[in-house]
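Input: a single structure, listed below in structure tokens.
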Amino acid sequence: MTYDADIGVVGLGAMGCMTAWRLAKRSVSVLGWDRLAPGHDQSACGGESRIFRTAYKEGPAYVPLLIKSRELWRELEGETGIDLLHLVGALSIAHEDSDYMSNVIASCRDYEIDHEVLSPAQVKERYPVHTLYRGEVAVLDRWAGYVRPDRATMTAARRAEALGAVLHRYTPIRDIQFGADGATVCSDTKEWRVRKLVLTLGPWTRHLLPATAESHKLVRIVLAWYRTENEARFRADVFPVLLRLSGGLDFCAWPIIDGDTMKVARNGSHGIFDDAAKLDRNVSPEWFVRWRRMIRDYLPGVIPDPVRIGAYMDSWTESGNAVIDTHPDCSNLVTLYGFSGHGFKLSPIFGEIAAKLALEEKTEHDLSIFKSPKLGPFGAIPCDAMAP
Ligand SMILES: Cc1cc2nc3c(=O)[nH]c(=O)nc-3n(C[C@H](O)[C@H](O)[C@H](O)COP(=O)(O)OP(=O)(O)OC[C@H]3O[C@@H](n4cnc5c(N)ncnc54)[C@H](O)[C@@H]3O)c2cc1C
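With numbering that gives the first Met the number 0 applied, the sequence shown has no gaps in its numbers, which climb one by one up to 387 at the end.
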């Protein structure tokens, strides 16, 4: 049996590029494919910036992964000389009795995260844009900030290539066939054979693995960018990344990182759909109006008419925990999907875990929350016979 590479990675978005980098570092032969190219903004990586935070409202179980991920971001920066992770801090504001705040404070306490709990008066003095309401507290997570997804995925991909990976851009994969000894990956014009395959297709996962459709859905997320009356008040040194749960609203805001505008997002779903090819990228005028009150009430000094607005997508699981696992019916396939709007910050460690799963290496991390569900019929991909 001849192979074109030991490991293939289909989908070079956040997870695929990091997986390729982690594999190439081990001198394993790696092939990768993307329908576009690493760093494009049409996938779950679109929208300019991603929050990195360690005081984790999704639960303290993530903290060891976040700490390791931060080390790996620094490792990639060290290997390339490119700044990726900007630890400008993040301010979480919520009612002291909320689950959100309990999780944030438990993460800080249990893992000795560099943080500060701030009173309303301290917040007003240090971050004059923000006003806390009765019962609210603020936690400043100093191990937090932002990453630019385009820059980060492109950097990981180029580093993987420098280490020997071969990445095929503008090469949509149409079909994959599995057998006992490996996988055959087919584009419109060519086929490649690899021993093992890692599928990191983000919102397109169900195109090549229809059996996963039951276990995740596609969520539309609207982002908007605003100009401010005084840019000096929204620079990262006085306006760390904001995560706020107040007055029935759950939203986040970024400092000015493009030199001109700041970005705001409401957390949660802005529409459920079932085909990545059908994301509605148009944003209707109601959105512009709907967010005006939120901006006026919570972000004084931001001019409440967006200068840029866009719709993006990610794949979401019921629990909010991604699937990162060897496929239950096919030992040659590792799948990663369902990062549920919070996967980017963890992409280096998830790439490392994917590399270990593909190479059947042990990992020190507890992966039980990332287990693949039983998928039933294998879908379009037959696993029982080697492709001709
Ligand atoms: C608006 C928004 C805001 C977010 N904010 C944050 C945040 O602040 N912090 C955070 O940590 N996370 C955040 N996330 C989540 C994070 O960005 C995603 O979870 C992450 O990008 C998912 O990575 P992925 O590799 O699974 O998918 P993607 O990054 O979408 O990569 C999938 C890749 O597969 C390729 N592909 C698809 N089909 C094929 C095919 N047939 N052949 C070849 N290639 C194919 C695509 O072109 C794409 O490059 C956010 C997500 C969104 C959408």
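Cβ atoms here follow ideal geometry from the backbone N, Cα and C, with glycine treated the same way. Predicted, not measured: the structure shown is a model, and the values here were computed from it.
Take Asp46 and list the residues in its own chain whose beta-carbon comes closer than 6 angstroms to its own, dropping the five residues that flank it on each side. Checking the displayed sequence, the identity of residue 46 turns out to be Gly instead of Asp. Correct list, in chain order: Leu222 and Tyr311.
Just how far apart, CA to CA, sit Asp257 and Arg192? Their Cα atoms are separated by approximately 43 angstroms.
Please state the DSSP three-state secondary structure of Val128. For Val128, the secondary structure class from DSSP, reduced to helix, strand or coil, is coil.
At what residues does the alpha helix (DSSP H) containing Asp98 begin and finish? Where Asp98 is concerned, the enclosing alpha helix (DSSP H) stretches over Asp98 to Tyr110.
Expressed to the nearest angstrom, what Euclidean distance is found between the alpha-carbon atoms of Phe369 and Thr325? Looking at the two C-alpha atoms, the distance is approximately 10 angstroms.
Quick check: the stretch 145-153 against the stretch 76-84, are there 3 or more CB pairs under 8 angstroms? Taking 8 angstroms as the limit for Cβ pairs, the verdict is that the stretch 76-84 does touch the stretch 145-153.
Chain-order list of residues whose beta-carbon lies under 6 angstroms from that of Ala386 (same chain, five-residue window excluded): Unreliable placement is indicated for Ala386, whose pLDDT of 29 sits below 50; the coordinate value is still reported in the next sentence. Here the set comprises Gln176 and Thr183.
Keeping to the same chain, check which residues put their C-beta closer than 6 angstroms to that of Met100; ignore five residues upstream and five downstream. Hits under 6 angstroms: Ala93.
Given this structure, state the Cα-to-Cα distance separating Glu230 from Lys195, to the nearest angstrom. Rounded to whole angstroms, Glu230 to Lys195 spans 50 angstroms at the Cα level.
From the DSSP secondary-structure annotation, give me the bridge partner or partners of Gly38. DSSP lists no bridge partner for Gly38.
Taking its Cβ as the centre, do 16 or more other Cβ atoms sit within 10 Å of Pro284, making it buried, or is it exposed? Exposed, because fewer than 16 other Cβ atoms sit within 10 Å of the Cβ of Pro284.
Grab me the residues of Trp253's own chain with a C-beta within less than 7 angstroms of its C-beta, minus the 5 sequence neighbours each way, in chain order. Contacts found: Ser48, Tyr145, Val240, Met261 and Lys262.
Is it buried or exposed for Ala13, if we count other Cβ within 10 angstroms and need 16 for buried? It counts as buried.
Taking 7 angstroms as the cut-off, does the CB of Leu64 come closer than this to any heavy atom belonging to ligand 1? Not so, every heavy atom of ligand 1 lies at least 7 angstroms from the Cβ.
Taking just the CA atoms, how far does Phe343 sit from Tyr132? Roughly 31 angstroms between the two C-alpha positions.
Check each candidate in Asp174, Leu332, Ala156 and Pro305 and name the one with the smallest Cα separation from Glu78. Taking the Cα of Glu78 as reference, the smallest distance to any Cα among Asp174, Leu332, Ala156 and Pro305 is reached at Ala156.
Inspect the CB distances between the stretch 3-21 and the stretch 155-170 and report whether three or more fall short of 8 angstroms. Yes, since at least three Cβ pairs between the stretch 3-21 and the stretch 155-170 fall closer than 8 angstroms, the two stretches touch.
Decide if the stretch 209-227 is in contact with the stretch 296-308; the criterion is three or more beta carbon pairs, one per stretch, under 8 angstroms apart. These segments touch.
Do Val122 and Ala137 come within 8 angstroms of each other at the CB atom, strictly closer than that value? Taking 8 angstroms as the Cβ cut-off, Ala137 and Val122 qualify as a contacting pair.
Minimum C-alpha distance to Leu117 - residue among Arg307, Ser91, Asp98 and Arg108: For Leu117, the nearest C-alpha among the options comes from Ser91.
On the premise that Cys251 lies in contact with Ala264, defined as a C-beta separation below 8 angstroms, what is that separation, rounded to the nearest angstrom? Confirmed, about 5 angstroms.
Compute every distance between the C-beta of Pro239 and the non-hydrogen atoms of ligand 1, then say whether any falls below 7 angstroms. No, since every heavy atom of ligand 1 falls outside the 7 angstroms radius drawn around the Cβ of Pro239.
Under 7 angstroms from any heavy atom of ligand 1, does the C-beta of Thr334 make it? Judged by the Cβ position, Thr334 fails to qualify as a neighbour of ligand 1 at the 7 angstroms threshold, every heavy atom of the ligand being at least this far.
Identify, in the order they occur along the chain, each residue of the same chain with its Cβ nearer than 6 angstroms to the Cβ of Arg307, setting aside the five sequence neighbours on each side. For Arg307, same chain residues with a beta-carbon under 6 angstroms away, outside a window of 5 residues either side, are Trp224 in chain order.
Answer yes if the stretch 60-80 comes into contact with the stretch 25-40, meaning at least three C-beta pairs across the two stretches below 8 angstroms, and no otherwise. No: the two stretches stay apart, fewer than three of their Cβ pairs being nearer than 8 angstroms.
Would the beta-carbon of Arg34 be found less than 7 angstroms away from any heavy atom of ligand 1? True, at least one ligand heavy atom lies under 7 angstroms from that Cβ.
Leaving out the 5 sequence neighbours to the left and right, which residues in its chain are closer than 6 angstroms to Gly309 when beta-carbon positions are compared? Result list for Gly309: Leu222, in chain order.
Would you kindly work out how many angstroms separate the C-alpha atoms of Ser371 and Val237, rounded to a whole number? Those two C-alpha atoms are separated by around 42 angstroms.
In angstroms, rounded to a whole number, what distance separates the CA positions of Arg291 and Arg232? Near 19 angstroms, if we compare the C-alpha coordinates of Arg232 and Arg291.
Label Val288 either buried or exposed according to how many other C-beta atoms from any shown protein chain fall within 10 Å of its C-beta, with 16 as the threshold for buried. Result: exposed.
Taking Ala179 as part of the alpha helix (DSSP H), name the residues at either end of that continuous run. Run containing Ala179: none; DSSP gives neither H nor E here.
Closest Cα partner of Asp98 within the set Ile271, Asp274, Leu345 and Asp249: The shortest C-alpha separation from Asp98 is found at Asp249.
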